[in-house]
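Here is the structure we will look at.
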Amino acid sequence: MHDLGRIHQLIVPLFGHEMTFNIEVIVMTWIVIAGLLVFGFLASRKRRLVPGSLQVIGEFFIRQFYDLAEDALDKEMAKTYAPLICALFLFLVISNWLGIIPHLEEPTKDLNTPLSLGVMGFFIAHYAGIKAKGIKAYAKAYFEPVFFIMPLNVVGEFAKVVSISFRLFGNIMGGSIIILVVSYLVYSMVLPPLLNAFFGLFVGTIQAFVFTMLTLVYISVQVK
Amino acid sequence: MTIQIVDWVQTGAMIGGGLSVGLAAIGAALGEGYTAGKASATLSYRPELAADVMKTMLIGQAVAETAGIFGLVVSLLILFSPTSGATMLTGWAYLAAGLSMGLSAIGCGVGSGFPSANACEGIGRQPAISGQLTTLMLIGSGVAQSTAIYGFLIALLLVYKSFPDTATVSAICSLLAAGIAMGLGGIGPGLGEGYAAGKAIGAAARNPETLGVMTRTMLVGQAVSESTGIYSLVVALLLVLRV
């Protein structure tokens, strides 16, 4: 029980500084990326008017997320941002499902993964805002409703990154801690597979979708 | 002397763990029950929509349970963390972590029940847009949980921060005050944001053309009502980091 919340790290000294690598997380992320690349390759290899089964799944995902992006943004901007949204969801959902395979762990269990994706979403949203409205209208939004509220608006923007990434991290890490503790208490009998199905498949899918939709919504708030 | 400190840390851990999961359970359970009640009321006049309403109810309840799960996780982390190398302040930090997580989860649990309940009701009114309503519900109750997530952040900081060996009265008070600030500050925004999201979903279900306007109004309103939670987060961070 004492390795609760511990992670394996590789610390490389480099010119007097120390570089830390969380090896498990990096390997698991590579597994997810490799899985997605193989899926993408197989789904688009033989494109036909009468699609094969993998092509149907791929087209279903693309269509759903283009529709969602068109609802939130307008049609032109949806073309720019829908691929991002689609890729983000597929990466997160496969990451969250990875934990149900024995000996593999969710990359999202480590705060670094959700936080870096959250920071990425933050920069993309603000870039989109500046590009769509111009720097003047973008900066003016911080001084509303009254000018002295500006520092709190800035803190609020950073708090969005905290809340979006800690929501995903807390749910996935929380699920894995609960599974670990319950497995320890019941000697790994009966309950763990059911808990894995609930936290891995059900909560994992919902949280991946929530993260994706919030990134999309933050972009749409900035551009309008 | 060492034994006394271990006892002290364990006392703090037990009370903190109990507070965290106990208080968090109040909000999450109320929110989930409210959702289930509204779903039953909807099904009483639209029994043919059972599949859609049940699906939305279960997803909404899973999201509303997030606050309760955070409470359970913080309580497990506190109870199972090693007591070796702990100082006098660690016990107080555990107590404060329990307060921060438990109290802030009350409002968010109830708050994220409102959008789920209104989405179930809305699907009974407008079955054609059930997909959009479920998406809006997920966004709304996700944002309504922000303050519980800030409480979780403060609790994690309190559990994993290393403290100096000597415990001064002002350090103990800072830790407890951080827990109380984040915990109490998290209740109101959770309820308020949940109310905003619930009403926006209800309005979108009455008049589906306004879905886009409602999403934006909901987000702006939630951002403003969250500002008091952000004040609490800033104060709690300042209090924790000064120890």
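Protein sequences, first through last, are from chains A and B.
For the first sequence, the positions run 153 to 376 when my numbering is used.
For the second sequence, the positions run 4 to 246 when my numbering is used.
Quick reminder that beta carbons are idealized off the backbone N, C-alpha and C, glycines included.
Min CB distance residue i to chain A below 8 Å
i: B:Ala-65; result: yes
i: B:Ile-18; result: no
i: B:Val-238; result: no
i: B:Arg-219; result: yes
i: B:Ser-230; result: yes
i: B:Leu-241; result: no
i: B:Ile-132; result: no
i: B:Leu-141; result: yes
Whole-angstrom C-beta distance between residue j and residue i, which should lie under 8 Å
i: B:Val-246; j: B:Leu-178; result: 6 Å
i: B:Gly-215; j: B:Gly-112; result: Not a contact, Cβ separation roughly 29 Å.
i: A:Ile-324; j: A:Glu-258; result: 5 Å
i: B:Gly-110; j: B:Ile-204; result: Their Cβ separation, rounded to whole angstroms, is 19 Å, which puts B:Gly-110 and B:Ile-204 out of contact at 8 Å.
i: B:Gly-30; j: B:Ala-89; result: With 8 Å as the limit, B:Gly-30 and B:Ala-89 do not qualify as a contact, their Cβ atoms being about 30 Å apart.
i: B:Met-185; j: B:Ser-119; result: With 8 Å as the limit, B:Met-185 and B:Ser-119 do not qualify as a contact, their Cβ atoms being about 25 Å apart.
i: B:Ala-65; j: A:Val-355; result: 6 Å
i: B:Ala-200; j: B:Ala-147; result: 6 Å
i: A:Leu-320; j: A:Pro-266; result: 4 Å
i: B:Gly-154; j: B:Gly-189; result: 5 Å
i: B:Thr-231; j: B:Gly-191; result: 6 Å
i: A:Thr-260; j: A:Ser-247; result: 5 Å
i: B:Gly-127; j: B:Tyr-37; result: About 16 Å separates the two Cβ atoms, so there is no contact after all.
i: A:Ser-315; j: B:Ser-115; result: That belief does not hold up - the Cβ atoms of A:Ser-315 and B:Ser-115 are roughly 13 Å apart, past 8 Å.
Closer than 7 Å at the beta carbon, the chain B residues around residue i
i: A:Arg-319; result: Gly-145, Gln-148 and Ile-152
i: A:Ala-186; result: Chain B residues near A:Ala-186: none, gap ~29 Å exceeds 7 Å.
Cross-strand partners of residue i (DSSP beta bridge)
i: A:Glu-170; result: A:Pro-165
Partner residues on chain A for residue i, Cβ-Cβ distance less than 9 Å
i: B:Phe-166; result: Here the premise fails: no neighbours, minimum Cβ distance about 18 Å.
i: B:Thr-138; result: Leu-220, Asp-223, Phe-361 and Met-365
i: B:Thr-90; result: Under the 9 Å cutoff, chain A gives no residues; its nearest Cβ is about 19 Å from B:Thr-90.
Partners in chain A for residue i, counting only beta-carbon separations shorter than 7 Å
i: B:Ala-226; result: Gly-308
i: B:Leu-222; result: Val-369 and Val-373
C-beta neighbour in chain B for residue i, strict 8 Å
i: A:Gly-326; result: yes
i: A:Ile-358; result: yes
i: A:Leu-225; result: no
i: A:Phe-213; result: no
i: A:Lys-261; result: no
i: A:Val-338; result: no
i: A:Gly-322; result: yes
i: A:Phe-354; result: yes
i: A:Ala-234; result: no
i: A:Ala-277; result: no
i: A:Ala-311; result: yes
i: A:Lys-376; result: yes
Partners in chain A for residue i, counting only beta-carbon separations shorter than 8 Å
i: B:Arg-245; result: Those within 8 Å of B:Arg-245 in chain A number zero; the least Cβ separation is about 18 Å.
i: B:Leu-156; result: Val-314 and Phe-318
i: B:Ile-62; result: Ile-358
Chain-ordered chain B contacts of residue i [CB-CB under 8 Å]
i: A:Ile-330; result: Ile-72, Leu-75, Val-76 and Leu-79
i: A:Lys-285; result: Result: empty, since nearest Cβ-Cβ is about 15 Å, beyond 8 Å.
i: A:Val-333; result: Leu-79 and Phe-83
C-beta neighbour in chain C for residue i, strict 8 Å
i: B:Thr-69; result: As a matter of chain content, chain C is missing from the structure shown, whose protein chains are A and B.
Beta-carbon neighbours of residue i, restricted to chain B and to distances below 9 Å
i: A:Leu-304; result: Ser-230, Ile-233, Tyr-234 and Val-237
Using 8 Å as the cut-off, can you tell me whether the stretch 104-113 of chain B makes contact with the stretch 23-42 of chain B, which would need three or more C-beta pairs spanning the two stretches below that distance? Judged by Cβ distances under 8 Å, the stretch 104-113 of chain B makes contact with the stretch 23-42 of chain B, as three or more pairs qualify.
task: Determine, using beta-carbon pairs with one atom in the stretch 263-278 of chain A and one in the stretch 200-210 of chain B, whether at least three such pairs fall under 8 Å.
output: With contact defined as three or more Cβ pairs closer than 8 Å, the stretch 263-278 of chain A and the stretch 200-210 of chain B are not in contact.
message: Would you call the stretch 157-176 of chain B in contact with the stretch 328-335 of chain A, where contact means no fewer than 3 C-beta pairs closer than 8 Å?
response: Cβ pair count under 8 Å is below three, so no.
* Between the stretch 228-246 of chain A and the stretch 293-313 of chain A, are three or more C-beta pairs nearer than 8 Å? -> Output reads no: the stretch 293-313 of chain A does not touch the stretch 228-246 of chain A.
- Is the stretch 193-211 of chain A touching the stretch 342-360 of chain A, taking contact as three or more C-beta pairs under 8 Å? The stretch 193-211 of chain A makes no contact with the stretch 342-360 of chain A, as fewer than three CB pairs between them are under 8 Å.
Practice task
Give a yes or no on contact between the stretch 245-255 of chain A and the stretch 171-179 of chain A, applying the rule of three or more CB pairs nearer than 8 Å.
Solution key: Verdict: no, contact absent.
- prompt: Within the chosen definition, does the stretch 72-92 of chain B reach the stretch 121-141 of chain B through at least 3 CB pairs nearer than 8 Å?
  reply: As far as the Cβ criterion goes, the stretch 72-92 of chain B does not touch the stretch 121-141 of chain B, which means the pair count is below three.
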